[in-house]
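Numbering (full-length UniProt numbering), first residue to last: 1 to 462.
See below for the structure under consideration.
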């Protein structure tokens with residue numbers, strides 16, 4: 001057939017040039033790839049490169065065009081890496097990424113906060129879509145970055161910032177969009193879950209298990225962010241912000257880490273039918289919320305109690321759907337990179353449809369936090385008391401003053417001591433009442449020491 005005339009049509013969303021004949025019959029399609037700039041080539045960055053290179057057929061099928069990594073920001077051009085990459089793609093100058101007019105999407109996997117924030121703000125203002133795995137950044141500056149993204153009609157996605165390869169954020173935003181989320185409970189830090197699993201199963205001391213976690217790469221040389229609950233708190237702030245459509249800040253999260261947990265605490269937990277986990281809790285009652293991260297006792301029958309080692313899980317309660325749980329690897333090169341590239345695919349699909357920058361939804365509700373008198377839970381207490389007549393009666397009198405009763409009680413003498421150990425699990429009490437009880441117990445003459453105190457969850461409290 002002789003083509004007398006052609007019409008050239010350029011589709012900006014597909015970035016494809018399509019050539020038509022005079023009778024509009026398509027004869028050729030030239031695919032222009034989406035160009036990506038990568039900030040960081042560490043563990044996650046290397047995984048992103050591998051997935052993009054190895055899954056080109058899948059990506060092309062999903063969005064109709066290939067994906068090309070155009071530039072990668074690194075600190076050292078000559079460092080040996082676990083992934084093969086053309087050295088001409090590497091740069092130490094961030095401007096070659098965020099100011100390159102040919103780069104469509106910037107993927108940030110370099111970490112850091114203040115410097116990274118400036119890079120991503122510049123990228124968004126240059127009209128580039130952004131995908132990030134940076135939980136610290138999103139917990140602190142997520143609202144600002146999302147606002148700038150919306151102003152510049154850009155996408156900003158951050159699925160990998162919470163729970164690694166588990167698609168929890170997209171599930172909240174899309175899969176559960178029609179429901180009203182009332183509560184989220186999560187094991188969102190693999191390091192602490194690995195440590196508590198080993199301590200509970202094998203009776204290993206905290207310091208020994210921490211050293212093992214560091215040797216395996218589950219814990220950093222400075223593990224403070226993990227073991228003190230700060231990492232989990234950042235993730236819970238992000239989850240609460242999305243799940244409750246409310247501007248929850250990191251400072252709104254009450255945080256307690258795992259460094260004070262002892263072998264005795266774990267043994268008594270088991271004896272009473274509980275498993276100890278570092279749990280992030282975000283709970284909404286009416287228009288008020290609470291968000292916390294703390295060591296928590298869960299009944300052995302609770303689904304989160306069986307989540308062991310470095311794995312993560314998030315338990316979500318919705319008014320319509322009921323109870324759902326999302327489970328999987330919370331970290332690692334390829335699991336986290338999978339979440340990053342999934343966000344990239346979402347950006348590319350939005351480019352195809354011409355709806356970039358419209359996915360960010362401003363919070364629906366003003367922030368209203370529960371006061372201590374509005375937060376209710378059960379509590380585990382371990383107390384050393386003088387082993388004398390009337391000691392337990394004095395303790396129970398303090399609880400009775402505040403209308404708090406006991407669900408479970410253990411009382412045992414301590415070997416080679418004039419003290420006895422009392423372990424109780426209370427019925428539900430307000431945080432305000434419990435804190436007052438706790439202080440009165442510490443001041444009570446028959447109490448030698450309040451050894452430990454933990455929240456108890458999962459006994460049908462909703």
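No residue lacks a Cβ here, since even glycine has one placed at the ideal position from N, Cα and C.
Every value quoted in this text rests on a predicted model; they were computed, and no experiment measured them.
Query raised in the report: So what's residue 41 in DSSP terms, helix, strand or just coil?
Result: coil
TODO: Mind checking which residues open and close the alpha helix (DSSP H) that includes residue 344?
DONE: 333–353
CA-to-CA distance, residue 58 to residue 185, given in whole angstroms
34 Å
- Closest by CA to residue 104, which one among 118, 92, 127, 88? 127
- Item | Straight-line gap, residue 412 to residue 385 (C-alpha atoms, nearest Å) | 10 Å
Notebook entry, point to check: Under a Cβ-count criterion, where at least 16 other Cβ atoms within 10 Å of its own Cβ denotes burial, should residue 187 be classed as buried or exposed?
Noted result: buried
Give me whichever residues DSSP pairs with residue 292 in a beta bridge.
254, 281
Requested in this report: Specify the secondary structure class of residue 388 as computed by DSSP and reduced to three states.
Outcome: coil
- For residue 137, I'd like the list of residues in its chain whose CB is within less than 7 Å of its CB, leaving aside the five on either flank, ordered along the chain. 113, 116, 117
Sheet register partners of residue 312 (DSSP bridge): 328
Notebook entry, point to check: In terms of alpha-carbon separation, which member of 310, 323, 289 lies closest to residue 302?
Noted result: 323
Would you mind sorting residue 87 into buried or exposed? The rule is 16 or more other CB atoms within 10 Å of its CB. exposed
Exercise for review: Determine the DSSP secondary structure at residue 457, reduced to helix, strand or coil.
Suggested key: coil
Subject >> Boundaries of the alpha helix (DSSP H) in which residue 176 is found, first to last residue >> reply: Counting along the chain, residue 176 falls outside any alpha helix (DSSP H), and DSSP gives it neither H nor E.
Residue 450 - DSSP class collapsed to helix/strand/coil | strand
Local conformation of residue 532 per DSSP, three classes = Only positions 1 to 462 of the chain appear in the structure, and residue 532 is not among them; the question remains open.
Review point. Just checking my contact of residue 356 with residue 129 at CB under 8 Å: how many whole Å lie between their CB atoms?
Key: 6 Å
task = Given a cut-off of 7 Å, decide if residue 258 and residue 278 are closer than it, judged by their beta-carbon atoms.
result = yes
Query raised in the report: residue 195 lies in the alpha helix (DSSP H); which residues open and close that run?
Result: 190–202
Query raised in the report: Ends of the alpha helix (DSSP H) at residue 238?
Result: 230–244
- Item | Span separating the alpha-carbon of residue 444 from that of residue 75 | 58 Å
Open item on the list: Give the list of continuous beta strand (DSSP E) stretches no shorter than 3 residues that lie fully inside the region 390–421.
Closed with: 406–413
*My guess is that residue 164 and residue 45 are in contact by the Cβ rule of under 8 Å, so how many angstroms apart are they, rounded?*
So it is not a contact: roughly 15 Å between Cβ atoms.
Q. When DSSP builds the beta bridges, which residues end up paired with residue 382?
A. 423, 452
*asked:* Could you check whether residue 246 and residue 365 sit closer than 7 Å to each other, using their CB atoms as the reference points?
replied: yes
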